[in-house]
Amino acid sequence: MYDLIVLGAGPGGYEAAAHAGAMGKKVALIEKEYIGGVCLNTGCIPTKTLLHSAKTLQLCSEAENYGIKTGKLEVDYEKILKRKKEVVSLLKKGVEGKLKRSGVEVLWGKGQLLSKDTVAVNGKSYKAKNILLATGSKPVVPPIEGINSSNVLDSTTILELDKIPKSMAIIGAGAIGLEFAYFFNKMGTEVKIIEILPNIAYQMDTEITSYLRKSLENECIDFSLGSEVTRIDDKGILCTRENGKTEMIQSEFVLNATGRKPNLENIGLDEIGILYDSGGIKTDLQGKTSVPGIWACGDVTGRCLLAHVATREGIVAVNNMLGKRDIMRYKAIPNVIYTNPEVASVGVTEQILKQEEICYKKSILSLNISGRFIAENEKKVGYVKVLTGREFHEILGVHIIGGAASEMIFGIAALIEMEMRVEDIKEIVFPHPTISEAVKEVICQIK
Amino acid sequence: MVTPVIIPKLGVTVESCSIGSWRKREGEKIKKGDILLEIETDKTTFEIEAPASGILLGIFFKERAIVPVMTSIAVIGKEGEEFESYKPKLEKETKEHLEQPVKEKYEEEKEIPEVEKETTVDRKTVGDEDRTFGGVSPRAKQFALAHGINLDGVTGSGPHGRILEKDVVKYYQTTSRLSSLAGKLQNEGWTHKGTYSGIGGMIIRKDLRRPGKKLSIIRSTIAKHMHSSLIETAQYTISISARANDILSLRKKIKSLTAEHSLPNTTINDMVMYAVIRTLVSYPELNAEFIDGKVYQYNDINLAFACDTPRGLMVPVIRSAQRLSLEELSLAIEKLSNEAISGNIALDDLTGGTFTTTNIGSMGIEYFTPILNTPQVAVLGICNIDLKPVKIDKNVQFIEHIKLCLTVDHQVIDGAPAARFLVALKDNIENFTNITELKI
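These protein sequence lines are chains A and B, in that order.
Oh and the first sequence: position 368 is 367 in numbering that gives the first Met the number 0, straight run, nothing missing.
Oh and the second sequence: position 266 is 265 in numbering that gives the first Met the number 0, straight run, nothing missing.
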C-alpha cells in the first residue's frame, strides 16, 4: 500500500511525488514515456535551448551596434540539435536524482485506475491511499481538411526536423507558435503566422503584445490575423479572412500550434466516475476531484496549461492529502513568451478588467527610462505597464516587453500575492542601474 | 441673552433620545426656526428648530449621544457671551467617569510616565472609541504603533481590562498576518470573515468584509421587537379568502362620488379594517395582550396598522376604533398615515395598540405570515384580490376574492377560536353593506 501513486512524471507529477517522498511518504510515480514530461523533453526546455541559439545569432548579427565587428555568421544546426539533447539529458538526470533522493519509486508503463485506490500498470495492480492524476496534455488537432498531411507538424514532431526548412506556415499565434516563428525566422526560414483571432497571444495584455507583433514584423515574420485555415493540400494552405476573402499560402512545412488539450483517455475516469469534460478533470482549489482520494493537477485539469502552475497545483494537492491546508490561487500566475524581445506578465490584463467592469488605474512606460536598458538594448523595444485597483491602488497586473522581463516577473507576483499597494512599493529599494527601476517608476506613476 | 436648546418632552413614555445629525455648526449664525439637528427616538425622528436667533455658541452633545429629554443640548446667544452654566451636569459626570481610570498608575508604566497624558487622546485614533475603562499602557501603545496593530481586537489583561504590552505582543504573535492592503482595510473598519486565503494563511482582501452599516435606532428597535416576537410566542398563521364583490362595488361607488360629496377616499384596506373592528367586537379574545403569563382583554379596540415610511416601519394606533363610522375610520387612517410618513406623528399615536393589521396585498402579495406585534395576541395580514373559481350550480364562475392571513399566539388562542374569528371576518367582508351605515 502506497501513500501516494502519481500518474505522469511531468512538472506536475514528479514535483508532487518528490514533495511527498521528501516528507517521508511511500510514493510511486508511473510514467509511460519519459521523466520530466512534455516540459522537459519536448516543451519548455528544448525550445528554450533552441531559442538561445537564435538569440545568440541575433546578438552577433547586431554586434556592430555595440562596436563589435564579426565575420560571416553561420548556423550549425546539427550542433544546435545536439546541444538541445545534451541539455535535456542533463536536466533529466537532475530530476531522476531528485526522485531517487526523495525515495520515489518509478513504475514504467501506462497507468490506469481500477478503483478508487488501485492503479494497474503492465498488468500488475498497486494500491494507494491517494492517487494524483497528472497525465498532462497533447496538441489539439483542429478539424481542418488535410491537417494530417505529412508536412503538417506539431510542437513535438517539429523538434525532430534535422534540416532548417525554407518556409513554414504556423497556425496559431500563441506562445508556442510565436516562439517557433522567432526561432525558425532567425534560422533563415521564411515564416508566416496565421491566427484566427484579431490579436496574437490573446491571453496576454493586447497593448503589450501589439509591440511584440510590430517587433516580429520588423524581423520579417508575416502575420495573417483574423484568418481561418480552411484546407491544407499540395497547393498550400487555404485561409479565409474575416471579410470572406480567401488566401492561398505556400510553405514547405506547416506547424499546427493551435493549442493543447488534456490527456483524458484510457486512464479509467469513466469507470471510477470522476467528473470531467473535454476541458479537463474537474478539481477544486485544493486539487480534489469528484472522487475522494483521487486528486489531479496540471494540464489534465485544463485550468491553466503552464508547467509552473502544474507544479504548484501538485504540491497543493500533496499538502492537502497529507493534512496540511493549502490552497491554489490563480491571481498571480506569471506568463512568459520567450521570443526576443520577450514578454512577461503576471496578474490580470487590461482587456479582462474592461470585460469584467472592474475599476482600475493604468500606467505604461518605455523601458528607455532605465539607463541599463538603453546601454544594452540598442534600437530595441521595451515597455512596462501596470494596472492597479482604483480605490486602494493594489497591484492587479504588470505586463512587460523587453529586457529580461521573465526574470523580473516573480518579484511582481510576490507584490500581488502580498496585496501590496503603490504606497508600499515606494518604500522598496530597487537596484540601480537595472531595468527593474522602470517597473518601480511605472508603479509610482499611479496616483 | 443666552437661549438654551432643550430637547422637548416627546410623549409620556419617552425618557431619552439619540442625537442625530447636526445641521449647524458651533459659531454659525442662525435664525429662529432654522432646523438645528435631528433627534431619534426608538420610534421616529424629530427635527429640532432654533428657539431664538443668534450665534450657535456651543454644542454639548455629539451625534449618537443618548440624552434624556428636557436636557439642554446647545446654546444660542451673542458672540462672547458666557454659556458654561448651561452645560448640563450630566455631561461633566460622563467625562469624569471616562478620565478617572486613566489617572490611575500601574507599575509597568513608571518607566515612561511622560507619555501617559497623551495616551488618553491617542487611544481614540487607534480605533477603540467604545473602550471606556482600563485604557492602554504606554508601552502597549508604542508596540501597537510600531507593528501596525489595531487595538480593537486585543483583550486587555490588566486592571479593568487595561491593555498591557504583553497583551499586544501575544496578539501580534498569535494572530494571522495581514497583507498590506488587508491591514489598511482593517483599520478602515473592514472585518475578518474567518477565511485565510493568502500566502501561508495570510489574511487578504477577500477574507475581509466591508464595514457594515449600523442600524438606526428605529431599525434596531424594530429588529429587537421582531426577534423577541418570534422567540417569546408560539405564533402560527391561518388564511382564508373572502368574496370581494361587495367591497369592490362599494369602492367603485365611493370613487365616483368622492369629488361631488366630499366623502373621504375610503379604500379597500379601510373597509377590511372596518370589518376587522366590527368582527373584533364579537371576538374580544383576539383584542388582547399577553403579558407575563396574564391575558388582558380590552373593550376598547385600539387598532394598530403597519405603515411603510421613509424612516422604516411605523405602526400608528387608532384609539377606540369601535366608536368610529367607516368615514371617520378612513379619515383617521389617512391622517395618521400622513403624519407617520412625514415624521410629524405624536409618539402617543404610536403606542397602545390592541390588534394590528398589515397590508401588502396592494403590491400583489398573495400570502404571508405577519409577525405578532407583541404583547398583542393577533395580527391580520391583508393580501391581494384575485379571481377564484367558484362552483355555482353546475357552472364555474370566476369571482374576485381578497385573501386574509391571521397570525395568532397559540399560547393564548387555539386554532378553533382563531378560525371562528377569521370566518366571521370573511362573512362581514362578503356582506359588507350589512355592517356599514354608509348610505350612498
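Each residue gets a CB set at the ideal place from its N, CA and C atoms; glycine is no exception.
Small disclaimer: the values here were computed from a predicted structure and weren't measured.
N- and C-terminal bounds of the beta strand (DSSP E) containing residue i
{"i": "Ile391 (chain B)", "result": "Ala377 to Ile391"}
{"i": "Met270 (chain B)", "result": "Run containing Met270 (chain B): none in the beta strand (DSSP E); it sits in the alpha helix (DSSP H), Ile267 to Ser281."}
{"i": "Phe182 (chain A)", "result": "That residue, Phe182 (chain A), is in no beta strand (DSSP E); its alpha helix (DSSP H) goes Ala174 to Met186."}
{"i": "Asp153 (chain A)", "result": "Premise fails: Asp153 (chain A) is in no beta strand (DSSP E) and is neither H nor E."}
{"i": "His400 (chain B)", "result": "Asn394 to Asp408"}
{"i": "Pro261 (chain A)", "result": "Arg259 to Pro261"}
{"i": "Lys293 (chain B)", "result": "Lys293 to Gln296"}
{"i": "Asp2 (chain A)", "result": "Tyr1 to Leu6"}
{"i": "Met419 (chain A)", "result": "Met419 (chain A) -> no beta strand (DSSP E), and no H or E assigned at all."}
{"i": "Phe289 (chain B)", "result": "Ala287 to Ile290"}
{"i": "Asp307 (chain B)", "result": "Cys306 to Thr308"}
{"i": "Val4 (chain B)", "result": "Thr2 to Ile5"}
{"i": "Gln111 (chain A)", "result": "Gly110 to Ser114"}
Same chain, Cβ closer than 8 Å to residue i, neighbours up to 5 away in sequence not counted
{"i": "Gly225 (chain A)", "result": "Glu194, Ile195, Leu196, Pro197, Arg240 and Glu241"}
{"i": "Lys254 (chain B)", "result": "Asn264"}
{"i": "Ile412 (chain B)", "result": "Glu284, Leu285, Val376 and Ala377"}
{"i": "Glu62 (chain B)", "result": "Ile18, Gly19, Ser20 and Trp21"}
{"i": "Cys443 (chain A)", "result": "Val421, Ile424 and Lys425"}
Supposed close pair residue i, residue j - CB separation, criterion 8 Å
{"i": "Ala331 (chain A)", "j": "Ala412 (chain A)", "result": "4 Å"}
{"i": "Ala15 (chain A)", "j": "Ala316 (chain A)", "result": "6 Å"}
{"i": "Ile317 (chain B)", "j": "Leu330 (chain B)", "result": "Not a contact, Cβ separation roughly 10 Å."}
{"i": "Ala133 (chain A)", "j": "Val5 (chain A)", "result": "6 Å"}
{"i": "Ile18 (chain B)", "j": "Val66 (chain B)", "result": "6 Å"}
{"i": "Ile231 (chain A)", "j": "Glu144 (chain A)", "result": "7 Å"}
{"i": "Asp298 (chain A)", "j": "Arg259 (chain A)", "result": "7 Å"}
{"i": "Leu386 (chain A)", "j": "Val441 (chain A)", "result": "Incorrect: roughly 10 Å between the Cβ atoms, too far for contact."}
7 Å CB neighbourhood of residue i in its chain, flanking five on each side removed
{"i": "Asn40 (chain A)", "result": "Tyr33 and Val87"}
{"i": "Thr308 (chain B)", "result": "Ala339 and Ile340"}
{"i": "Gln172 (chain B)", "result": "none"}
Extent of the continuous alpha helix (DSSP H) to which residue i belongs
{"i": "Phe409 (chain A)", "result": "Ala404 to Glu416"}
{"i": "Pro138 (chain A)", "result": "Note, Pro138 (chain A): premise wrong, no alpha helix (DSSP H); beta strand (DSSP E) at Ser136 to Pro138."}
{"i": "Asp299 (chain B)", "result": "Looking at the DSSP string, Asp299 (chain B) is not in any alpha helix (DSSP H), and its letter there is neither H nor E."}
{"i": "His51 (chain A)", "result": "Cys43 to Ser60"}
{"i": "Gly388 (chain A)", "result": "Note, Gly388 (chain A): premise wrong, no alpha helix (DSSP H); beta strand (DSSP E) at Tyr382 to Gly388."}
{"i": "Ala217 (chain B)", "result": "The amino acid occupying residue 217 (chain B) in the given sequence is Ile; Ala does not appear at that position. Note, Ile217 (chain B): alpha helix (DSSP H), Ile216 to Glu231."}
{"i": "Ser88 (chain A)", "result": "Tyr76 to Arg100"}
{"i": "Ala17 (chain A)", "result": "Gly12 to Ala21"}
{"i": "Glu429 (chain B)", "result": "Gly414 to Glu429"}
{"i": "Leu131 (chain A)", "result": "Careful: Leu131 (chain A) lies outside any alpha helix (DSSP H), inside the beta strand (DSSP E) at Lys123 to Leu132."}
{"i": "Gly182 (chain B)", "result": "Ser179 to Asn186"}
{"i": "Gly286 (chain A)", "result": "Run containing Gly286 (chain A): none; DSSP gives neither H nor E here."}
{"i": "Arg138 (chain B)", "result": "Pro137 to His146"}
{"i": "Thr173 (chain B)", "result": "Glu164 to Thr173"}
Contacts around residue i, its chain only, beta-carbon distance under 6 Å, and the 5 residues preceding and following it disregarded
{"i": "Met272 (chain B)", "result": "Thr356"}
{"i": "Phe420 (chain B)", "result": "Tyr282 and Leu285"}
{"i": "Thr69 (chain A)", "result": "Cys59 and Ala62"}
{"i": "Lys439 (chain A)", "result": "Phe429"}
{"i": "Phe183 (chain A)", "result": "Met167 and Val190"}
{"i": "Ser435 (chain A)", "result": "Met407 and Phe429"}
{"i": "Pro333 (chain A)", "result": "Val345, Ile408 and Ala412"}
{"i": "Pro164 (chain A)", "result": "Thr188, Glu251 and Phe252"}
{"i": "Thr220 (chain B)", "result": "Asp41"}
(Q) Report the start-end ranges of each alpha helix (DSSP H) in the region 315 to 384 of chain B that is 4 residues or longer and not cut off at the edges. (A) Secondary structure in the region 315 to 384 of chain B: the alpha helix (DSSP H) runs of 4 residues or longer, each lying completely within the stretch, are 325 to 341 in chain order.
Q | Secondary structure, beta strand (DSSP E): runs of 3+ residues fully inside the region 305 to 374 of chain A | A | Within the region 305 to 374 of chain A, the complete beta strand (DSSP E) runs of at least 3 residues are 333 to 336, 342 to 346 and 359 to 365.
Q) Just checking, does the region 277 to 288 of chain B make contact with the region 173 to 192 of chain B on the three C-beta pairs under 8 Å criterion? A) Judged by pairs of C-beta atoms under 8 Å, the region 277 to 288 of chain B does not touch the region 173 to 192 of chain B, as fewer than three such pairs exist.
Q.
If contact is defined by three or more beta carbon pairs under 8 Å, each pair taking one atom from either stretch, is the region 398 to 417 of chain B in contact with the region 229 to 244 of chain B?
A. Yes, since at least three Cβ pairs between the region 229 to 244 of chain B and the region 398 to 417 of chain B fall closer than 8 Å, the two stretches touch.
Q) Between the region 418 to 438 of chain A and the region 345 to 353 of chain A, are three or more C-beta pairs nearer than 8 Å? A) Contact fails between the region 418 to 438 of chain A and the region 345 to 353 of chain A, because fewer than three Cβ pairs, one in each stretch, are under 8 Å apart.
Q.
Does the contact criterion of 3 or more C-beta pairs under 8 Å hold for the region 67 to 86 of chain A versus the region 118 to 127 of chain A?
A. With the rule of 3 Cβ pairs closer than 8 Å, the region 67 to 86 of chain A does not count as touching the region 118 to 127 of chain A.
Q | Cβ contact (3+ pairs, closer than 8 Å) linking the region 336 to 349 of chain A and the region 198 to 205 of chain A | A | A contact is defined here as three or more CB-CB pairs under 8 Å, and the region 336 to 349 of chain A meets this definition with respect to the region 198 to 205 of chain A.
Q: Give, in chain order, every unbroken run of the beta strand (DSSP E) that is at least 3 residues long and sits entirely within the region 12 to 53 of chain B.
A: Taking 3 residues as the minimum length, the beta strand (DSSP E) runs contained wholly in the region 12 to 53 of chain B are 15 to 21, 34 to 39 and 44 to 48, in order along the chain.
Q.
Three Cβ pairs or more, each shorter than 8 Å: is that satisfied between the region 387 to 406 of chain A and the region 358 to 371 of chain A?
A. Touching, yes.
Q | Complete beta strand (DSSP E) runs within the region 195 to 237 of chain A (minimum length 3 residues, chain order) | A | Listed in chain order, they are 221 to 224 and 226 to 232.
Q | Contact between the region 296 to 313 of chain B and the region 237 to 251 of chain B (3+ Cβ pairs under 8 Å) | A | Output reads no: the region 237 to 251 of chain B does not touch the region 296 to 313 of chain B.
Q | Segment contact, 8 Å Cβ cut-off, at least three pairs: the region 232 to 252 of chain A with the region 280 to 297 of chain A | A | Contact between the region 232 to 252 of chain A and the region 280 to 297 of chain A is absent: fewer than three C-beta pairs spanning the two stretches fall below 8 Å.
**Q.** Segment contact, 8 Å Cβ cut-off, at least three pairs: the region 422 to 429 of chain B with the region 388 to 396 of chain B
**A.** Short answer: they don't touch.
Q | Touching by the beta-carbon criterion (3+ pairs, under 8 Å), the region 13 to 27 of chain A and the region 40 to 52 of chain A | A | The region 13 to 27 of chain A vs the region 40 to 52 of chain A: no contact.
Q.
Tell me whether the region 376 to 386 of chain A and the region 151 to 171 of chain B touch, counting them as touching only if at least three CB pairs, one residue from each stretch, are closer than 8 Å.
A. With a cut-off of 8 Å, the region 151 to 171 of chain B and the region 376 to 386 of chain A do not count as touching, because too few Cβ pairs lie within range.
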